[in-house]
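Sequence positions in the sequence shown follow this note's numbering and run 118 to 407.
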Amino acid sequence: MSDLSFKIARFLLTLLAYIPLFINHALGAFLGWLVYLGSPSYARRIRKNIEQSHITQNKKSLHQLIRSNIAASGKTVIETFAIWFRDDKAVFNLVKACYGWERVERAVKQGKGLIFLTPHLGCFEVTSLYYGALHPMTVLYRQPRHAWLLPLITAGRQRSGVTLAPANALGIKQLLRALNRGEAIGILPDQAPFEGEGEWAPFFGRPAYTMTLASKLAKKTGAQVFMAFGERLNFGRGYNIHIRPIEDGAINTTAELNTEIETTIRQCPEQYLWGYDRYKDRHQTSPVSR
Numbered sequence: 118m119s120d121l122s123f124k125i126a127r128f129l130l131t132l133l134a135y136i137p138l139f140i141n142h143a144l145g146a147f148l149g150w151l152v153y154l155g156s157p158s159y160a161r162r163i164r165k166n167i168e169q170s171h172i173t174q175n176k177k178s179l180h181q182l183i184r185s186n187i188a189a190s191g192k193t194v195i196e197t198f199a200i201w202f203r204d205d206k207a208v209f210n211l212v213k214a215c216y217g218w219e220r221v222e223r224a225v226k227q228g229k230g231l232i233f234l235t236p237h238l239g240c241f242e243v244t245s246l247y248y249g250a251l252h253p254m255t256v257l258y259r260q261p262r263h264a265w266l267l268p269l270i271t272a273g274r275q276r277s278g279v280t281l282a283p284a285n286a287l288g289i290k291q292l293l294r295a296l297n298r299g300e301a302i303g304i305l306p307d308q309a310p311f312e313g314e315g316e317w318a319p320f321f322g323r324p325a326y327t328m329t330l331a332s333k334l335a336k337k338t339g340a341q342v343f344m345a346f347g348e349r350l351n352f353g354r355g356y357n358i359h360i361r362p363i364e365d366g367a368i369n370t371t372a373e374l375n376t377e378i379e380t381t382i383r384q385c386p387e388q389y390l391w392g393y394d395r396y397k398d399r400h401q402t403s404p405v406s407r
């Protein structure tokens with residue numbers, strides 16, 4: 118992306134960012150239904166993933182969850198730009214409450230490092246920026262398929278106290294250095310890893326290829342592990358961040374990690390990205406040298 122193209126794209130996305138959040142979410146809900154109705158394969162995936170999770174009690178609640186999730190998934194996409202291209206103070210002010218913060222501050226004082234595991238639940242962009250406004254944090258990210266997106270991702274995510282680390286060997290070293298300094302790192306624990314970087318483990322009763330990185334980092338460094346997500350409030354009122362400490366050794370296996378992810382998703386299942394292909398096969402070559 119040329120400098121001029123980047124500036125134009127950033128300007129347009131900044132305009133989108135500063136419309137009221139309830140309008141942003143309305144546009145997102147419309148987008149969610151548009152994609153659902155226009156992509157039969159995506160629609161089948163949402164329905165199948167929610168149904169096989171057995172997270173609902175009956176057919177009525179199942180259909181209600183599917184409808185809610187269609188809109189919520191679209192909101193996740195559109196609100197990303199509202200988070201990326203608002204200034205730091207405006208993003209911070211979108212957070213109306215942060216539950217579990219006292220445990221975070223206690224872990225910061227211990228100086229052993231913090232590992233935040235943030236699934237594709239609610240607004241996962243706001244959590245790192247909120248923490249980064251108060252303490253330094255390094256967040257693992259995967260290179261986008263389209264190179265032109267990288268400058269926008271960097272501009273949106275790497276700001277305040279947040280540093281990005283690529284999902285490769287150098288990036289993992291960057292995470293380790295941050296933990297050794299007693300700082301925090303952020304990882305999407307339910308992102309399907311590359312071949313050779315995970316193990317098959319049950320996720321809502323179905324085998325899913327699951328990363329081993331989070332467990333290895335926790336065991337290697339003794340850092341305090343937290344599950345975190347940003348709950349999207351109705352009518353564009355902002356977000357509540359929920360942070361839950363994970364007991365030492367509770368994610369030593371990928372099955373245990375998935376159990377903790379499931380527990381977090383059950384707090385707000387309508388806002389999980391059920392359309393994400395969590396169960397796909399991994400045939401790509403890992404970019405991380407072992």
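Note that CB positions come from ideal geometry on N, CA and C, so glycine has one too.
Can you tell me whether PRO386 is helix, strand or coil according to DSSP? Here residue 386 corresponds to residue number 269 of the sequence shown, with the count starting at 1. PRO386: helix per DSSP, three-state reduction.
Tell me PRO362's beta-bridge partners as DSSP assigns them. By 1-based counting over the sequence shown, the position of residue 362 is 245. PHE343, per the DSSP bridge assignment.
Between the Cα of PHE346 and the Cα atoms of LEU238, ALA325, LEU257, ALA309, which residue gives the shortest distance? For the purposes of this step, residue 346 is identified with residue 229 of the sequence shown, where counting begins at 1. Among LEU238, ALA325, LEU257, ALA309, the Cα nearest to that of PHE346 is on LEU238.
Can you tell me whether GLU364 is buried or exposed, with buried defined as 16 or more other CB within 10 angstroms of its CB? Start at 1 with the first residue of the sequence shown, and residue 364 comes out as number 247. Classification for GLU364: exposed.
For PRO268, the residue or residues it bridges with in DSSP: In the sequence shown, counting from the first residue as 1, residue 268 sits at position 151. Bridge partners of PRO268 according to DSSP: none are assigned.
What is the DSSP secondary structure of THR235, counted as helix, strand or coil? In the sequence shown, the residue the question calls residue 235 occupies position 118. THR235 falls in the coil class under three-state DSSP.
What number of angstroms, rounded off, separates the C-alpha of GLY228 from the C-alpha of LEU251? If you number the sequence shown from 1, residue 228 lands on position 111. If you number the sequence shown from 1, residue 251 lands on position 134. Distance between the alpha carbons of GLY228 and LEU251: 15 Å.
Host beta strand (DSSP E) of PRO324 (start-end): Within the sequence shown, numbered from 1, the residue matching residue 324 stands at position 207. Start and end: 323-328.
Buried or exposed for TRP317, going by 16 or more other Cβ atoms inside 10 Å? What you label residue 317 is simply residue 200 of the sequence shown in a count that begins at 1. Result: exposed.
Cβ-Cβ separation, GLN291 to THR255 (assumed contact under 8 Å), whole Å: Here the question's residue 255 lines up with position 138 in the sequence shown. Here the question's residue 291 lines up with position 174 in the sequence shown. Under the criterion of beta carbons closer than 8 Å, THR255 and GLN291 qualify as touching, at roughly 6 Å.
Meets three-Cβ-pair contact criterion under 8 Å: the region 333-341 and the region 286-304: At 8 Å Cβ cutoff, the stretches touch.
Within a Cβ cutoff of 8 Å, which residues of the same chain sit near ILE163, ignoring the five residues on either side of it in sequence? Here the question's residue 163 lines up with position 46 in the sequence shown. The residues are TYR153, ILE183, ASN186, ILE187, SER190, TRP391, GLY392.
Length of the line joining the Cα atoms of ASP204 and LEU211: Position 87 of the sequence shown, counted from the start, is the residue given in the question as residue 204. Position 94 of the sequence shown, counted from the start, is the residue given in the question as residue 211. Distance between the alpha carbons of ASP204 and LEU211 is about 11 Å.
Does the beta-carbon distance from GLY313 to MET328 come in below 7 Å? Taking the sequence shown and counting its residues from 1, the one referred to as residue 313 is at position 196. Taking the sequence shown and counting its residues from 1, the one referred to as residue 328 is at position 211. No, Cβ-Cβ distance for GLY313 and MET328 is not below 7 Å.
Are the region 216-232 and the region 260-268 in contact at 8 Å, needing three or more beta carbon pairs? Because the criterion of three Cβ pairs below 8 Å is not met, the region 216-232 and the region 260-268 do not touch.
In this structure, what does DSSP give as the bridge partners for ASN369? For the purposes of this step, residue 369 is taken as the residue at position 252 of the sequence shown. Residue pairing by DSSP leaves ASN369 without any beta bridge partner.
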